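Trainee:
Protein chains in written order, with the working numbering: chain A, 1 to 375; chain B, 1 to 314.
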C-alpha cells in the first residue's frame, strides 16, 4: 500500500510525468479518431514511428525542428519575463525576409562573412519588430497582444511586398524571391549528405539551436539581466520597488525574444527554404513556437526536446497520408496534448485517488483545499 | 460623380460584408473577457462554426439550421475551454491555444473523411443565408444601385447589428449583465453576494463560443459558399483585437470591427482601380488600427480579474 501511495505522489508532483501523460493521452485521442474513421491505429502510428526512426528520417526531423526550437525559445523567454509573445510569427517573418535580402543582395561575400551577416540582419529585424510593440506598450500603454496581432499581419504583407521588388523577385515565373546565394546556405556539403545518407536539406543550423538553448538558459538563470527580467515577470510592482526599470526590462525582453524569433526565420530560410514565397496565409511558425514553449514548460532544455518532438510529429505526420490517414490528425494530437498540459491539475490530483477510495464520505475536500493553497 | 457613388456603395457593401463575421466573434469575445476569462481560442471556435454551418446547410438544405448548428459547434469548443479554464483552473492562454489547434484540426480531418478533400462542396444559392431586400431597389438608377449595394445584404449582417444592441442591453441594463461584469472585476465580492461565479463564467464562455461559431458560419454561408482550410485565417484574432480596441465594450467592439471592415472595403476598391501595390494596400487595416490606437484610443483597461482563475473559497 505504501509503495502505491508513493508512486501516485510521484506521478502527481512530477511536471515531467504530467507532460508525458499528456502526450500519451494525445495519442490515445488520436487513436480514437482513427478508430472512428475506420483506419488501422497500428498502421498509422507504425508509419509515424518508422518514418522518423531511420537515420534519414531522423535527419529530416532535426531539420524540421531547428526553427521550432529557436522560435520556441523565443516564446519561452517571453513567458519567463511575463510577456506573451504572440508576435513571434511576425518577428519570424521579418527575420527570414531580412536574411533573404542580405543573402541575395550581398551574395558575393565569402561564406564566413555572409552567414553571420544574415543571422545578424535577421536578429536585428526580429528585435526591431519586437521593440516596436514594446515601445507602443511602454509609451502609450497599448495592449501588446493587440499590437502583436497587427504587426504579425503587417510583417506578412511587408514580406510579400519585398518579395515582389524587382531586385529581389525571382527571375523565373515563381511567385517568390530569388534563391539566396549558396554562400549564405547552411546546408552540409552534398558529399557528406550522400555519404551518410541524410536528408537533402540536412544543415548545421541545429548547432545554432543548441548554442541558443544554452545561451537562453545562461541569460535566464545566471545573469543579472535574467534575474531582473524574471522579477518583472513575477511581479512588476515589486520589481519596480526593488529598483528595476520595468519599461526598460519589457523592451529588453521583447528585443531578445524578437531576435530569437528572427533568427529562427533565418535558420529556416538558410537551411531549408533557400527562398521566400509569396504566401496567401501565415505559415504559423510563431504559433508552433508557442506550442513548443508550452510542451517544454518554458525551460530552455525542455524547449529543445519539445522542438525535436514537434519536428518529429510534423515530419511523421506528413507521411500519414501514405497509409490513408489524414495528416490533420497530427494537429488533433498536438491540440489534445496542449489541452491536457493546460489542465494538468487533474494529474496533480491523482494522489487523492487512493484517499478517495479510503474515505468515500468526503472525497473532494482535500483536493479542493490543495487547490486553494496553490493559488 | 456616378462612378464615385458606385464606388462608395461598393466600399460600404464590402465594409458590411467584412464586419459581420468579425462582429459576431467580437461580441463573443466580449462575453468571455468581461466575465473574466481570456478566450484566445475564438479563432478555433470560428473555424468549427464555419465548417459545421456549411455542412449542415448542405445536408439539410436549410441555411438557418446550418447557421444555428455552426453556433452550437462553436459553443461545444467554448464548453471545452470553459471546463478547462473555469472548472479546472487551467492557464487560459494555454487552453485557448489548444482550442485553436483542436478546432481546425478536428473539422479539417472530418472534412477529409467526409468529402475526401479539405474543402467542402459549395452550397447552392438556396442553401446560403438569404439576402434581404434583394430586388427592392431599382438598380438601373445610380441611387438604386447604391441602395442595393448597401442595403441588399445577407440577413446575417442585419442580425449581427441587432445582436450588438441586445448584448449592449444585456450588459448594461439587466441584472445578469451587472453580475457578469462584476465577475470579471471582483469575483470574490460576487461570491460573497451569493452569485455563482463559476457557473456565470462557464455560461459566458459557452455563449462566447456560440457567437464565434455564428461568425464562422457567416464566412462560409454568406461571404463564400464553402469551407476551406483558409476560410478562417486570423479573423478570430482580429476580433479579439477589436474588443481590446473597443475597451471591452460591445459598442466599442462594433466601432473596432467597422473600422477594420471599412479598411478592408477600401482595399477591395483601391486594389481594383489604382496602381498601388496590392500587398501595401492589404496592410492598411492593420496600420490604421495601430495609428488610431496611438492617436485616439490609448490605454485599454482590462477587466481586473481577467485571466485569473477563480477558486471558490471554502
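Idealized CB from N, CA, C, for every residue including glycine.
Source: prediction; values computed, not measured.
In chain A, which residues lie less than 8 Å from residue 93/B when you measure between Cβ atoms?
Mentor: Residues of chain A passing the Cβ test: 84.
Trainee: Taking 8 Å as the cut-off, decide whether the C-beta atoms of residue 255/A and residue 127/A are in contact.
Mentor: Yes, Cβ-Cβ distance for residue 255/A and residue 127/A is below 8 Å.
Trainee: Quick one: using the 10 Å Cβ neighbour count with 16 as the cut-off for buried, is residue 192/A buried or exposed?
Mentor: Answer is exposed; the Cβ neighbour count stays below 16.
Trainee: Does residue 245/A pass the burial test, meaning 16 or more other C-beta atoms within 10 Å, or should it be called exposed?
Mentor: Counting Cβ neighbours within 10 Å, residue 245/A comes out exposed, since fewer than 16 surround it.
Trainee: If you measure from the beta carbon of residue 112/B to each beta carbon in chain A, is any gap under 8 Å?
Mentor: So, interface residue.
Trainee: Which partner residues does residue 176/A have in the DSSP bridge list?
Mentor: Answer is 277/A, bridged to residue 176/A.
Trainee: Hey, would you say residue 115/A sits closer than 8 Å to residue 167/A, going by beta carbons?
Mentor: It is not a contact, given that the beta carbons lie outside the stated cut-off.
Trainee: The alpha helix (DSSP H) with residue 233/B in it runs from where to where?
Mentor: Run containing residue 233/B: none; DSSP gives neither H nor E here.
Trainee: Residue 342/A versus chain B: which residues are under 7 Å apart at the beta carbon?
Mentor: What residue 342/A touches in chain B: 84, 90, 91, 94, 95 and 98.
Trainee: Thinking residue 5/B and residue 142/B are a contact (beta carbons under 8 Å), I'd like their distance in whole angstroms, please.
Mentor: About 6 Å; that satisfies the 8 Å criterion.
Trainee: Which of the residues in the segment 165 to 182 of chain A, read from start to end, lie with their CB under 7 Å from any CB of chain B?
Mentor: Taking 7 Å as the Cβ-Cβ cut-off against chain B, none of the residues of the segment 165 to 182 of chain A qualify.
Trainee: For residue 52/B versus residue 70/B, is the C-beta distance shorter than 8 Å?
Mentor: In this structure, residue 70/B lies closer than 8 Å to residue 52/B by Cβ.
Trainee: Taking C-alpha atoms, which residue in 129/A, 58/A, 37/A and 121/A lies nearest to residue 257/A?
Mentor: Checked all of 129/A, 58/A, 37/A and 121/A; the closest Cα to residue 257/A is 129/A.
Trainee: Determine the chain A residues that contact residue 282/B at a beta-carbon separation under 7 Å, and present them in chain order.
Mentor: Neighbours of residue 282/B on chain A, chain order: 157.
Trainee: Just the chain B side, please: which residues come within less than 7 Å of residue 161/A by C-beta, in chain order?
Mentor: Those within 7 Å of residue 161/A in chain B are 277, 279 and 280.
Trainee: Output the boundary residues of the alpha helix (DSSP H) element that contains residue 161/A.
Mentor: Unbroken alpha helix (DSSP H) run through residue 161/A: 144 to 164.
Trainee: Compute the Euclidean distance between the alpha carbons of residue 54/B and residue 223/B, then round it to the nearest angstrom.
Mentor: Near 12 Å, if we compare the C-alpha coordinates of residue 223/B and residue 54/B.
Trainee: Is the distance from the Cβ of residue 309/B to the Cβ of residue 96/B below 8 Å?
Mentor: No, the Cβ-Cβ distance between residue 309/B and residue 96/B is not below 8 Å.
Trainee: From the DSSP output, read off the bridge partner residues of residue 154/B.
Mentor: 131/B.
Trainee: Out of curiosity, what's the CA-to-CA distance linking residue 204/A and residue 257/B?
Mentor: Distance between the alpha carbons of residue 204/A and residue 257/B is about 46 Å.
Trainee: Using a Cβ-Cβ distance under 8 Å, would residue 291/B count as near chain A?
Mentor: Residue 291/B does not count as touching chain A.
Trainee: Below 8 Å between beta carbons: does that hold for residue 216/B and residue 28/B?
Mentor: Their beta carbons are not under 8 Å apart, which means residue 216/B does not touch residue 28/B by this criterion.
Trainee: Taking residue 245/B as the query, report the chain A residues whose CB atoms sit under 8 Å from its CB, ordered along the chain.
Mentor: Result: 146.
Trainee: Within this structure, are the beta carbons of residue 377/A and residue 84/A separated by less than 8 Å?
Mentor: Outside the shown range of chain A (1 to 375) lies residue 377/A, about which nothing can therefore be said.
Trainee: Against chain A, with Cβ distances strictly below 8 Å, would residue 268/B count as a contact?
Mentor: Answer no: the Cβ-Cβ gap between residue 268/B and chain A never drops below 8 Å.
Trainee: Which residues share a DSSP beta bridge with residue 169/A?
Mentor: Answer by DSSP bridge pairing, in chain order: 177/A.
Trainee: Name the DSSP beta bridge partners of residue 187/A, please?
Mentor: Bridge partners of residue 187/A: 203/A.
Trainee: For residue 89/A versus residue 287/A, is the C-beta distance shorter than 8 Å?
Mentor: Yes. Within cutoff.
Trainee: Kindly indicate which residue of 349/A, 348/A, 345/A and 329/A has the alpha-carbon position closest to the one of residue 26/A.
Mentor: Ranking 349/A, 348/A, 345/A and 329/A by Cα distance to residue 26/A puts 329/A first.
Trainee: What does the alpha-carbon distance come out to for the pair residue 305/A and residue 207/A?
Mentor: Each residue's alpha carbon lies about 14 Å from the other.
Trainee: Output the distance between the C-alpha atoms of residue 167/B and residue 181/B, rounded to the nearest integer angstrom.
Mentor: About 12 Å.
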